[in-house]
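Visitor:
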Amino acid sequence: MNYRHAFHAGNFADVLKHAVLALVIEHLKLKPKPFRVIDTHAGIGRYRLDGPEALRTSEWRDGIGRLIGPAAAPLPADVAALLAPYLETIRKLNPDGDLAIYPGSPLLALSLMRADDRLVAAELHPEDSAELARLIGRDPRARIFERDGWQVLKASLPPRERRGIVLIDPPYEVAGESARLAQALREGLKRFATGTYLLWFPLKDRGALGELQQAIASIAIERVLWVELAVGAPKDKPGALSGSGLAILNPPYRLAEQLNVLLPFLAERLSRGEQTSWSVRDPRLGAQGNAHSEASDSHA
Ligand code: SAM
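When we follow the numbering used here, the leftmost residue of the sequence shown carries the number 1400, and every step to the right adds one.
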């Protein structure tokens, strides 16, 4: 396990993933019944943007740094309303206005959850898991496992609450991660058919992506959203990750509508040059399934 999220925390991919996670949690909070968040690849939960890893890459400057903080332009009102829960969490972690701390998915989830909602977080890396436990281990709503996230997922479904989100955010370091993901989804849906599943993927290996898309397309489920955001490669790092996406199974009602407001804004604001594009669609319906899809060469 070589992947260290501290180098990438707060980058454009985190912004998309965490903004959508926050939106899904806010949808769940519309009903008083408690829910559960299962985070299969949780990371350390809190990242220093002025720490050595973040300083080496500075990826956050072209991500969260373009949305809040001293260098960020104001947000349009409709986007500000959609991003409010996500950005409020970050503002609370940075009370003096500078952007020095960024929340990982388990901390973001906990900060939005209510007293009766529950979090299960798996992190296999022993040091990272210990760090996460130091951060949130005393919160009675959270259970942290230093274990394989795929196994924890299996053991956690269905959650007692019968409502919730499964966030699957693997590092894609090992061959066959997409196939494993599709398998975990198939098994997960058998145990917890009504849960919302949020899967992150990099826009990198088109072959693996095609396989994942096909696997999801073959899953018998009523609603799926496939969201992609490409922001172009930075000029000084041509091989760097330039896009990422989310597959959302059982998306909450109205999420597609919200994403059709959020994605064009993120594409414009987070663009690093050419080949910026975004899409929100249902992969099972081919071209007909486009809620929206657009490519542009806009510069931020
Ligand atoms: N979800 C986090 C967030 O949004 O803040 C970031 C997670 S990072 C992309 C992936 C994490 O998965 C790393 O911290 C890595 O150590 C961990 N990991 C790798 N293989 C794992 C496995 N089989 N089970 C659980 N965690 C794993």
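All C-beta atoms, glycine included, are put in the ideal place defined by N, C-alpha and C.
Based on Cα-Cα distance, which residue from 1609, 1405, 1484, 1569 lies nearest to residue 1444?
Guide: Of the listed residues, the one whose Cα sits closest to residue 1444 is 1405.
Visitor: Could you spell out the range, first to last residue, of the beta strand (DSSP E) harbouring residue 1598?
Guide: Start and end: 1595-1601.
Visitor: Is residue 1645 near ligand 1, going by C-beta to nearest heavy atom under 8 Å?
Guide: It does not: the Cβ of residue 1645 is nowhere closer than 8 Å to a heavy atom of ligand 1.
Visitor: In the DSSP output, what is residue 1501 paired with across the bridge?
Guide: Answer is 1446.
Visitor: Take the Cβ of residue 1409 as the centre, count every other Cβ of all protein chains shown within 10 Å, and call the residue buried at 16 or more, exposed below.
Guide: Buried is the call here.
Visitor: Can residue 1603 be considered in contact with ligand 1, in the sense that its beta carbon sits closer than 8 Å to one or more heavy atoms?
Guide: Not under cutoff, so the answer is no.
Visitor: Quick check on the DSSP output: the alpha helix (DSSP H) that includes residue 1549 runs from which residue to which?
Guide: Residues 1548-1555.
Visitor: Would you kindly report the start and end of the unbroken beta strand (DSSP E) that includes residue 1544?
Guide: Per DSSP, residue 1544 belongs to the beta strand (DSSP E) from 1541-1544.
Visitor: Going by the CB atoms, is the gap between residue 1543 and residue 1521 shorter than 9 Å?
Guide: In this structure, residue 1543 lies closer than 9 Å to residue 1521 by Cβ.
Visitor: The alpha helix (DSSP H) that contains residue 1606, what's its start and end?
Guide: Unbroken alpha helix (DSSP H) run through residue 1606: 1605-1616.
Visitor: Assuming residue 1590 contacts residue 1556 (C-beta within less than 8 Å), just tell me the rounded distance between them.
Guide: That pair is a contact at about 4 Å.
Visitor: Relative to the alpha-carbon of residue 1647, which residue among 1681, 1562, 1559, 1630 has its alpha-carbon at the smallest distance?
Guide: For the residues 1681, 1562, 1559, 1630, the minimum Cα distance to residue 1647 belongs to 1681.
Visitor: Would the C-beta of residue 1675 count as close to ligand 1, meaning under 8 Å from any of its heavy atoms?
Guide: No; taking the cut-off as 8 Å, the Cβ of residue 1675 has no heavy atom of ligand 1 nearer than that.
Visitor: Quick one: what's got a C-beta closer than 7 Å to residue 1618's C-beta in the same chain, skipping five residues either side?
Guide: Result list for residue 1618: 1584, 1585, 1588, in chain order.
Visitor: Please return the same chain residues whose Cβ sits closer than 6 Å to the Cβ of residue 1612, not counting the five positions on each side in sequence.
Guide: Closer than 6 Å at Cβ, skipping near neighbours: 1682.
Visitor: Applying the 10 Å Cβ sphere with the 16-neighbour rule, what's the burial state of residue 1417?
Guide: The residue is buried, with at least 16 neighbouring Cβ atoms inside 10 Å.
Visitor: Are there 16 or more other CB atoms within 10 angstroms of the CB of residue 1650, so buried, or fewer, so exposed?
Guide: By the 10 Å Cβ count, residue 1650 comes out buried.
Visitor: DSSP three-state call for residue 1670: helix, strand or coil?
Guide: Residue state, collapsed to three classes: coil.
Visitor: Run the proximity test for residue 1443: is its beta-carbon closer than 8 Å to any non-hydrogen atom belonging to ligand 1?
Guide: True, at least one ligand heavy atom lies under 8 Å from that Cβ.
Visitor: Which same chain residues end up closer than 8 Å to residue 1697 when comparing Cβ atoms and leaving out the 5 residues on each side of it in sequence?
Guide: In this prediction, residue 1697 scores a pLDDT of 41, lower than 50, which makes its location untrustworthy; the coordinate-derived value is nonetheless stated afterwards. The residues are 1666, 1667, 1670, 1675.
Visitor: If you measure between the beta carbons of residue 1429 and residue 1485, is that distance less than 9 Å?
Guide: Result no, Cβ atoms of residue 1429 and residue 1485 do not sit closer than 9 Å.
Visitor: Who are the near neighbours of residue 1529 in its chain, counting only those whose CB is closer than 8 Å to its CB and skipping five residues on each side?
Guide: Contacts found: 1545.
Visitor: Just to confirm, does residue 1439 get its C-beta within under 8 Å of one of the non-hydrogen atoms of ligand 1?
Guide: Residue 1439: yes, Cβ under 8 Å from ligand 1.
Visitor: Can you tell which of 1479, 1597, 1641 has its C-alpha closest to the C-alpha of residue 1436?
Guide: That would be 1597, whose Cα lies nearest to the Cα of residue 1436.
Visitor: Assuming residue 1507 contacts residue 1534 (C-beta within less than 8 Å), just tell me the rounded distance between them.
Guide: Not quite, the Cβ-Cβ distance comes to about 12 Å (not below 8 Å), so this is no contact.
Visitor: Rounded to the nearest angstrom, what separates residue 1501 and residue 1447 at their Cα positions?
Guide: Each residue's Cα considered, the two are about 6 Å apart.
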